[in-house]
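Engineer: For the sequence shown, position 30 (counting from the first letter as 1) is numbered 30 according to UniProt numbering, and the numbering increases by one without interruption. Note that CB positions come from ideal geometry on N, CA and C, so glycine has one too. Everything numeric in this text was worked out from a predicted model, so none of it was measured. Pasting in a structure now, in structure tokens, and then I'll have a few things to ask.
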Amino acid sequence: MTQPDDQPTPTTFRAAPALAGSVTVPGDKSISHRSLMLSALAVGESRVEGLLEGEDVLATAAAMRAMGAQIDRDAEGIWHVHGVGVGGLLQPDTALDMGNSGTSTRLLMGLLASHDLTATFTGDPSLSKRPMARVTEPLSRMGASFTTSPGERLPLTMRGACPAVPLDYRLPVASAQVKSAILLAGLNAPGITRVVEPVPTRDHSERMLRGFGADISVDTEADGTRIISLVGEAELKPQQIIVPGDPSSAAFPMVAALLVPGSRVTIGNVGLNATRAGLIDLLREMGGAIEIVNAREVGGEPVGDLIVSASALTGVEPDPARAPSMIDEYPVAFIAAALAQGRSIFRGLEELRVKESDRITTMAKGLRAIGVTVEELEDGIIIEGRGGAPFPGGGPIATKLDHRIAMSFAVAGLVSRAGVTIDDMRPVATSFPTFVPLLRAIGALE
Numbered sequence: 001m002t003q004p005d006d007q008p009t010p011t012t013f014r015a016a017p018a019l020a021g022s023v024t025v026p027g028d029k030s031i032s033h034r035s036l037m038l039s040a041l042a043v044g045e046s047r048v049e050g051l052l053e054g055e056d057v058l059a060t061a062a063a064m065r066a067m068g069a070q071i072d073r074d075a076e077g078i079w080h081v082h083g084v085g086v087g088g089l090l091q092p093d094t095a096l097d098m099g100n101s102g103t104s105t106r107l108l109m110g111l112l113a114s115h116d117l118t119a120t121f122t123g124d125p126s127l128s129k130r131p132m133a134r135v136t137e138p139l140s141r142m143g144a145s146f147t148t149s150p151g152e153r154l155p156l157t158m159r160g161a162c163p164a165v166p167l168d169y170r171l172p173v174a175s176a177q178v179k180s181a182i183l184l185a186g187l188n189a190p191g192i193t194r195v196v197e198p199v200p201t202r203d204h205s206e207r208m209l210r211g212f213g214a215d216i217s218v219d220t221e222a223d224g225t226r227i228i229s230l231v232g233e234a235e236l237k238p239q240q241i242i243v244p245g246d247p248s249s250a251a252f253p254m255v256a257a258l259l260v261p262g263s264r265v266t267i268g269n270v271g272l273n274a275t276r277a278g279l280i281d282l283l284r285e286m287g288g289a290i291e292i293v294n295a296r297e298v299g300g301e302p303v304g305d306l307i308v309s310a311s312a313l314t315g316v317e318p319d320p321a322r323a324p325s326m327i328d329e330y331p332v333a334f335i336a337a338a339l340a341q342g343r344s345i346f347r348g349l350e351e352l353r354v355k356e357s358d359r360i361t362t363m364a365k366g367l368r369a370i371g372v373t374v375e376e377l378e379d380g381i382i383i384e385g386r387g388g389a390p391f392p393g394g395g396p397i398a399t400k401l402d403h404r405i406a407m408s409f410a411v412a413g414l415v416s417r418a419g420v421t422i423d424d425m426r427p428v429a430t431s432f433p434t435f436v437p438l439l440r441a442i443g444a445l446e
């Protein structure tokens, strides 16, 4: 019996035989968002191949259409975007519904901050709990004004400023979304907008802005601080973009292949940007057999194929400075640590408390529910590994409408005795609509 779309869809994932085969994961979510936004600001037609067609990215496409861009998908799955030019966005007729997408919301707020228009942003219950002050504060300095719900949350209405004031801003916390929002606002601001980044974060915005013809430079100081300077009132040129596979999505079959005994899985066309590859480094340090083959560059981004084999893992205490390079992968890293030999200590993860859910608390509760001993810290978690012994199982796991929580415990179910039940798999559609078919393709759900 099928569930109505507005009802939870509980699902139980059970112990799997050895996983095998070759798969690809959907296009990178971060790059997909940015490709649509920058294509909509170029004059002419851009083509995007491999776009992630999850709900988050489709929310970005709908918003850009609402502001004047023509965006269509052809029968071959290639997206065609006819842009309106920097400064050419139109007043949307209705509120922009961002669904569950924090990236769409924060980046679009930046994009609109230097346009003479008013827009209202709404979202689902999960997104409406996420604070927006880290973006509204710097954008207000550029001249935009905001009327927000209590706690600087959605729904909110913003009024852009044109001309906006170029900003010189030092990031108080490592956040690619805040950095990108300021740079996008700077596109239509006269003068130079500068972002100082003490801890490097994913650099897709800088790479793509340069590819579209923006005058952007990045200087790195001796201590690793990055200074990103963008010359405003840019003219962007249309591009042909090939989106690599999302390393955050690849994390789930990768960890599954490491944990399910006897597995060997190839994951093709995975983005290997150094600012996103922290999980691969971490899993290798834990003893994971992960081989990178066919390394190449696609559309300015490093890409490769991963061959992952089942491995006995050991506990780890990673440097907190690594957090930005794998911030979205920590939930599934916690699953790997829970099955490893020995204790793992993860710190410096305050950012996880303001994601789609409080991912530290949500993961800690879920891990306890399936038989793992954990201690929650203010900035992280301590996990006592089970030394390879399967999880007892349990549930239903309260995922708090968080797609990465749902997929992480689905992976745990594959190495459990009694199975792990997820309370609702619907949120997975936001980033990885083919998650369950992919698991089935490598033999996990026979």
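May I have the straight-line CA-CA distance separating residue 461 from ARG359, to the nearest angstrom?
Structural biologist: For residue 461 there is no data in the structure shown, the boundaries of the chain being 1 and 446.
Engineer: If you compare alpha carbons, which of GLY366, LEU339, VAL372, GLU378 is closest to VAL354?
Structural biologist: Mapped onto the sequence shown, residue 354 falls at position 354. Among GLY366, LEU339, VAL372, GLU378, the Cα nearest to that of VAL354 is on GLU378.
Engineer: Cβ of VAL23 within 7 Å of Cβ of ALA295?
Structural biologist: The residue given as residue 23 occupies position 23 in the sequence shown. The residue given as residue 295 occupies position 295 in the sequence shown. The answer is no: Cβ separation not under 7 Å.
Engineer: I'd like the ranges of any beta strand (DSSP E) spanning at least 3 consecutive residues and lying wholly in the region 327-407.
Structural biologist: Counting only runs of 3 or more, we get 343-346, 373-377, 380-384, 394-397.
Engineer: If I measure Cβ to Cβ from ALA443 and keep anything under 8 Å in the same chain, skipping five residues before and after, which residues do I get?
Structural biologist: Here residue 443 corresponds to residue number 443 of the sequence shown, with the count starting at 1. A small correction: the amino acid at residue 443 is Gly; Ala does not occupy that position in the sequence shown. Excluding residues within five positions, the ones whose Cβ falls inside 8 Å are ALA16, PRO17, ALA18, LEU19, ALA20, GLY21.
Engineer: When DSSP builds the beta bridges, which residues end up paired with LEU96?
Structural biologist: Counting from 1 along the sequence shown, the entry for residue 96 is found at position 96. Note: LEU96 sits in a beta bridge opposite PHE121.
Engineer: Please report how far the alpha carbon of ASP281 lies from the alpha carbon of HIS80, in whole angstroms.
Structural biologist: Translated into the one-based positions of the sequence shown, residue 281 becomes position 281. Translated into the one-based positions of the sequence shown, residue 80 becomes position 80. Spanning the two alpha carbons is a distance of roughly 36 Å.
Engineer: To the nearest angstrom, how far is it from the Cα of SER249 to the Cα of ASN100?
Structural biologist: Residue mapping note: residue 249 aligns to position 249 of the sequence shown, counting from 1. Residue mapping note: residue 100 aligns to position 100 of the sequence shown, counting from 1. Going from the Cα of SER249 to the Cα of ASN100 covers about 17 Å.
Engineer: Whole angstroms are fine: how far does the CA of GLY232 sit from the CA of GLN3?
Structural biologist: Translated into the one-based positions of the sequence shown, residue 3 becomes position 3. Translated into the one-based positions of the sequence shown, residue 232 becomes position 232. Here GLN3 scores only 42 on pLDDT, less than 50, and its place in the model should not be relied on; the value that follows carries that caveat. So the alpha carbons of these two residues sit roughly 49 Å apart.
Engineer: Rounded to whole angstroms, what's the CA-CA distance from residue 454 to GLY123? Just pull it up for me.
Structural biologist: Since the first residue of the chain shown is 1 and the last is 446, residue 454 is not available in this structure.
Engineer: In the DSSP assignment, what residue or residues form a beta bridge with MET425?
Structural biologist: Residue numbering aside, residue 425 sits at position 425 when the sequence shown is read from its first letter. The partner list for MET425 (beta bridge, DSSP) is empty, contrary to what the question assumes.
Engineer: I'd like to confirm the pairing. Which residues does DSSP put opposite GLN240 in its beta bridges?
Structural biologist: The count along the sequence shown starts at 1 and reaches residue 240 at position 240. DSSP output for GLN240 lists ARG47 as bridge partner(s).
Engineer: Does the distance from the CB of GLY180 to the CB of LEU112 come in under 7 Å?
Structural biologist: Position 180 of the sequence shown holds residue 180. Position 112 of the sequence shown holds residue 112. The question names Gly, but residue 180 is Ser in the sequence shown. Result no, Cβ atoms of SER180 and LEU112 do not sit closer than 7 Å.
Engineer: Mind checking PRO172: buried by the 16 CB within 10 Å criterion, or exposed?
Structural biologist: Counted from its first residue, the sequence shown places residue 172 at position 172. With fewer than 16 Cβ atoms within 10 Å of its Cβ, PRO172 is classed as exposed.
Engineer: In the DSSP assignment, find the unbroken beta strand (DSSP E) run with ALA20 in it and report its ends.
Structural biologist: The residue labelled residue 20 in the question sits at position 20 within the sequence shown. It spans 20-24 - the beta strand (DSSP E) in which ALA20 sits, taken as one unbroken run.
Engineer: Does the distance from the C-beta atom of SER175 to that of LEU154 stay below 7 Å?
Structural biologist: Position 175 of the sequence shown, counting from 1, holds the residue named residue 175. Position 154 of the sequence shown, counting from 1, holds the residue named residue 154. Their beta carbons are not under 7 Å apart, which means SER175 does not touch LEU154 by this criterion.
Engineer: As an exercise, report each continuous beta strand (DSSP E) stretch of at least 3 residues that is fully enclosed by the region 48-93, in chain order.
Structural biologist: Listed in chain order, the complete beta strand (DSSP E) runs (minimum 3 residues) inside the region 48-93 are 70-73, 79-84.
Engineer: Taking Cβ positions, are ILE241 and SER35 nearer each other than 7 Å?
Structural biologist: Here residue 241 refers to the residue found at position 241 of the sequence shown. Here residue 35 refers to the residue found at position 35 of the sequence shown. In this structure, SER35 lies closer than 7 Å to ILE241 by Cβ.
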